[in-house]
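In this note's numbering, the protein residues as written are 1 to 244.
Here a beta-carbon is modelled for each residue, glycine too, at the ideal position from N, C-alpha and C.
From a predicted model like this one, the values you see are computed outputs, not experimental measurements.
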């Protein structure tokens with residue numbers, strides 16, 4: 001646990017050693033505010049964050065890969081991955097530490113959207129349970145996006161390739177339950193498999209949470225998916241380490 005915590009702190013701090021971390025954070029916050037206001041947030045005069053949560057899956061599609069692309073690709077390109085594993089650290093500790101550092105960055109980004117909560121409180125009397133559940137869902141969904149991005153980062157030395165690959169994979173998992181995609185897949189995939197694929201949608205399980213409904217099914221989906229992605233990333237990194 002101590003080693004994982006040390007890696008988490010190192011990675012989180014390194015995010016802000018260059019301007020890139022600040023740029024990613026500012027761009028996310030500006031776009032979140034812009035899309036929320038553009039979605040007639042104030043004109044609707046509703047004391048909720050529905051517009052913000054509606055836009056979050058699309059924002060995450062670009063924001064999270066930008067956060068996760070460097071976590072392993074940068075280590076491999078710089079050749080520091082070999083040095084990392086000469087230290088008393090296991091693959092699982094390194095992968096979990098890096099993942100948690102990225103997840104902490106996402107949590108910080110969500111916390112910085114607090115002015116939206118203040119604006120909602122100014123408009124009326126929002127239900128804190130609904131808003132809290134929405135943010136919990138946003139945090140878990142962000143972890144699932146990040147799990148995909150960290151996995152993609154472990155596959156390549158290039159941050160750009162990792163970024164593009166992450167967008168492609170998360171985009172597929174976001175829109176897998178859309179009518180257009182399901183119609184296209186209907187002629188290729190058996191019906192029972194198609195239903196299972198639709199249930200894998202990253203946003204489908206977020207929908208009840210953004211409405212304030214906390215379901216065990218949604219919680220377990222995100223936690224199992226995150227755990228599985230971290231485990232697969234461990235296998236990829238371990239394989240890369242042995243081939244170094």
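Residue i classed as buried or exposed, judged by whether at least 16 other C-beta atoms fall within 10 angstroms
| i | result |
| --- | --- |
| residue 48 | buried |
| residue 188 | exposed |
| residue 87 | exposed |
| residue 1 | exposed |
| residue 23 | exposed |
| residue 210 | buried |
| residue 160 | exposed |
| residue 75 | buried |
| residue 184 | exposed |
| residue 34 | exposed |
| residue 180 | exposed |
| residue 5 | exposed |
| residue 26 | exposed |
| residue 195 | exposed |
| residue 57 | buried |
| residue 127 | exposed |
| residue 64 | buried |
| residue 21 | buried |
Enclosing alpha helix (DSSP H) for residue i [first to last residue]
| i | result |
| --- | --- |
| residue 173 | 159-175 |
| residue 209 | 206-210 |
| residue 16 | No alpha helix (DSSP H) holds residue 16; DSSP gives it neither H nor E. |
| residue 51 | 50-68 |
| residue 188 | From DSSP, residue 188 is part of no alpha helix (DSSP H); its letter is neither H nor E. |
| residue 133 | 128-155 |
| residue 102 | 91-111 |
| residue 123 | 114-123 |
Span separating the alpha-carbon of residue i from that of residue j
| i | j | result |
| --- | --- | --- |
| residue 199 | residue 207 | 12 Å |
| residue 73 | residue 60 | 20 Å |
| residue 7 | residue 96 | 9 Å |
| residue 122 | residue 192 | 47 Å |
| residue 120 | residue 53 | 13 Å |
| residue 19 | residue 240 | 29 Å |
| residue 212 | residue 156 | 39 Å |
| residue 93 | residue 16 | 22 Å |
| residue 90 | residue 118 | 43 Å |
| residue 112 | residue 166 | 24 Å |
| residue 132 | residue 110 | 12 Å |
| residue 175 | residue 114 | 28 Å |
| residue 101 | residue 223 | 17 Å |
| residue 99 | residue 205 | 21 Å |
| residue 152 | residue 106 | 18 Å |
| residue 162 | residue 203 | 22 Å |
| residue 130 | residue 186 | 36 Å |
| residue 215 | residue 9 | 32 Å |
Cβ separation of residue i and residue j, assumed to be a contact under 8 Å, to the nearest whole Å
| i | j | result |
| --- | --- | --- |
| residue 236 | residue 154 | 4 Å |
| residue 169 | residue 201 | No, residue 169 and residue 201 are not in contact; Cβ-Cβ is about 13 Å, not under 8 Å. |
Item to check | Stretch-stretch touch, CB-based, cutoff 8 Å, three pairs: the segment 140-158 with the segment 65-73 | outcome: yes
Next on the checklist: Tell me whether the segment 216-226 and the segment 128-141 touch, counting them as touching only if at least three CB pairs, one residue from each stretch, are closer than 8 Å.
Outcome noted: yes
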